[in-house]
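Undergrad: Quick note: the sequence shown uses the working numbering, first residue 320, plus one each step. Where is the CB? At the ideal position from N, CA and C, for every residue including glycine.
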Amino acid sequence: MAEAMRQTVATMLKGIERYNPDNLPTLERYVETQSRENAYDLEANLAVLKLYQFDPQTYNVEITSQILLKALTNFPHTDFVLCKCLLNEKRLMESPIDHIMYLADVLERCDFETFWNRVHSMPELCSRIVGFHDSIRKFVCHVVGITFQTVEKSVLAQLLGGVD
Numbered sequence: 320m321a322e323a324m325r326q327t328v329a330t331m332l333k334g335i336e337r338y339n340p341d342n343l344p345t346l347e348r349y350v351e352t353q354s355r356e357n358a359y360d361l362e363a364n365l366a367v368l369k370l371y372q373f374d375p376q377t378y379n380v381e382i383t384s385q386i387l388l389k390a391l392t393n394f395p396h397t398d399f400v401l402c403k404c405l406l407n408e409k410r411l412m413e414s415p416i417d418h419i420m421y422l423a424d425v426l427e428r429c430d431f432e433t434f435w436n437r438v439h440s441m442p443e444l445c446s447r448i449v450g451f452h453d454s455i456r457k458f459v460c461h462v463v464g465i466t467f468q469t470v471e472k473s474v475l476a477q478l479l480g481g482v483d
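(1) How many Å lie between residue 338 and residue 322 at the Cα?
(2) Out of 370, 420, 332 and 475, which one is the CA nearest neighbour of residue 362?
(3) Do three or more CB pairs link the region 445-463 to the region 346-356 at distances below 8 angstroms?
(4) Starting from residue 371 and walking both ways along the alpha helix (DSSP H), at which residues does that stretch end?
(5) Comparing C-alpha positions only, which one of 388, 347, 471 and 468 sits nearest to residue 453?
(6) Output the distance between the C-alpha atoms of residue 478 and residue 336, rounded to the nearest integer angstrom.
(7) For the structure I just gave you, are there three or more beta carbon pairs, one from the region 410-420 and one from the region 375-393, closer than 8 angstroms?
(8) With 16 as the cutoff for other CB atoms within 10 Å, does residue 385 come out buried or exposed?
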């Protein structure tokens, strides 16, 4: 279903139609589809956040959370920063957005133990994002691969969030 929606959304995002407020419900459904089906479309997600900027009454914290968490799964790319820049300071301080900001901060600092402890302490935050843990583990593996020459199995398991 994500691939079919991707085509529809790609058409919507061309030209001036990108910021048509009538497209917002479809774009929000697409965000939820991305979360369920482990898909990712940065351009569509940025369009949603931009529409929220244009019309703050339409702001949906749940959709915004999903967008930010999906952007986190694309570390080390700058997607998260792009999304964050489309939110005002008040939104960044609201729960659960503030928790996601914290996760991004510790992940960017490569404080993986703190990251996993926080993720495990609030499973409801990330549970809607299919593939979240595996995507983060891929980033951790990337960092470990360029940082360590050798690493003990137990240390690697801890860095990967307690994987056996």
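TA: Put simply:
(1) The count along the sequence shown starts at 1 and reaches residue 338 at position 19. The count along the sequence shown starts at 1 and reaches residue 322 at position 3. Taking the straight line joining both Cα atoms gives about 22 angstroms.
(2) As a working note, residue 362 is residue 43 in the sequence shown. Cα-wise, what sits closest to residue 362 is 332.
(3) Yes, the region 445-463 is in contact with the region 346-356.
(4) Locating residue 371 in the sequence shown gives position 52, where the first residue counts as 1. Per DSSP, residue 371 belongs to the alpha helix (DSSP H) from 361-373.
(5) Residue numbering aside, residue 453 sits at position 134 when the sequence shown is read from its first letter. Closest by C-alpha distance to residue 453, out of 388, 347, 471 and 468, is 388.
(6) In the sequence shown, the residue the question calls residue 478 occupies position 159. In the sequence shown, the residue the question calls residue 336 occupies position 17. Approximately 44 angstroms between the Cα atoms of the pair.
(7) yes
(8) Here the question's residue 385 lines up with position 66 in the sequence shown. The residue in question, residue 385, is buried, as its Cβ has 16 or more Cβ neighbours within 10 Å.
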